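Chemist: Can you keep this structure in mind? I'll have questions shortly.
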Amino acid sequence: MRKDRSNQRPFKLKRQFYDLFKMIFGQRSSGAGLHTDQETVWTPPADLYREDGRWVVRVELPGVNSNDVFVSVVDDRLIIRGERKLSEALKSEYCILHECSTGSFERIISLPAPVPEDQIKAGYRQGILSITFPATEEKGKRIEIQSEEPPEETPKAA
1 MRKDRSNQRP FKLKRQFYDL FKMIFGQRSS GAGLHTDQET VWTPPADLYR EDGRWVVRVE
61 LPGVNSNDVF VSVVDDRLII RGERKLSEAL KSEYCILHEC STGSFERIIS LPAPVPEDQI
121 KAGYRQGILS ITFPATEEKG KRIEIQSEEP PEETPKAA
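With UniProt numbering, letter number 18 in the sequence shown gets 18, and the count goes up by one each step, no holes.
Here it is, written out as structure tokens:
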């Protein structure tokens, strides 16, 4: 008998759905791999995980120059924008297949908590953008409820 392990990887189904959606509709409207001049904004894949008391964001950006990548933080959102430029060879009439995403990209990642910009570090190596920031422990504060109702009477012992 086979065990149901669907609950062991909660985001696996989401990733499979995303991959299926990309396969059906594509990230580009270029037909069957043929080049067109129409560019769309594409979304690079990313990971967000906690390691050694810090959060790590890794974004796959192969073929993108680090000077063409911009990282900013707005409230509790990490915004990564940039552009993968189309090579001259892909612009030629001899280009038969063009499946790699080019043009502008954007990825917005909701952070676990707001992070001051001066605590965020970013590096780029071998097509991977790595962004790290400290993991802070969010401790909720109990909020006392003010009631306008009279306090309940406790039953008197006989």
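Glycine residues also receive a C-beta, built at the ideal position from the N, C-alpha and C atoms.
Since the structure is predicted, the reported quantities are computational estimates derived from the model, not experimental observations.
Would you mind reading off the limits of the beta strand (DSSP E) that contains Leu-78?
Modeler: Unbroken beta strand (DSSP E) run through Leu-78: 77 to 84.
Chemist: Decide yes or no for the touch test of the region 76 to 83 against the region 106 to 124: beta carbon pairs closer than 8 Å, at least 3 of them.
Modeler: Touching, yes, given that three or more Cβ pairs across the two stretches are closer than 8 Å.
Chemist: Out of Glu-149, Trp-42, Ser-72 and Ile-143, point me to the one whose CA is closest to Arg-84's CA.
Modeler: Taking only the C-alpha atoms, the option nearest Arg-84 is Trp-42.
Chemist: Measure the beta-carbon distance from Tyr-124 to Ser-66 and round it to whole angstroms, keeping in mind my assumption that it falls under 8 Å.
Modeler: With a Cβ gap of about 4 Å, Tyr-124 and Ser-66 count as contacting.
Chemist: Helix, strand or coil for Ile-24, going by three-state DSSP, please let me know.
Modeler: Reduced to three states, the DSSP call for Ile-24 is helix.
Chemist: Measure the alpha-carbon distance for Leu-97 versus Leu-90 and round it to whole angstroms.
Modeler: Between Leu-97 and Leu-90, the C-alpha separation is close to 9 Å.
Chemist: From Gly-82 to Arg-107, what does the alpha carbon distance come to, in whole angstroms?
Modeler: Using only the alpha carbons, I get a separation of about 9 Å.
Chemist: Which partner residues does Ala-122 have in the DSSP bridge list?
Modeler: Answer is Ile-131.
Chemist: Could you give the C-beta distance for Leu-129 and Leu-61, rounded to a whole number, given that I count them as a contact under 8 Å?
Modeler: Their Cβ separation, rounded to whole angstroms, is 5 Å, which keeps Leu-129 and Leu-61 in contact under 8 Å.
Chemist: Tell whether a beta-carbon distance below 8 Å holds between Val-59 and Ala-46.
Modeler: Taking 8 Å as the Cβ cut-off, Val-59 and Ala-46 qualify as a contacting pair.
Chemist: In three-state DSSP terms, what is Leu-13?
Modeler: Helix.
Chemist: In angstroms, rounded to a whole number, what distance separates the CA positions of Ala-32 and Glu-99?
Modeler: Residue confidence for Ala-32 is low, a pLDDT of 39 falling below 50, so the modelled location carries little weight and cannot support an answer.
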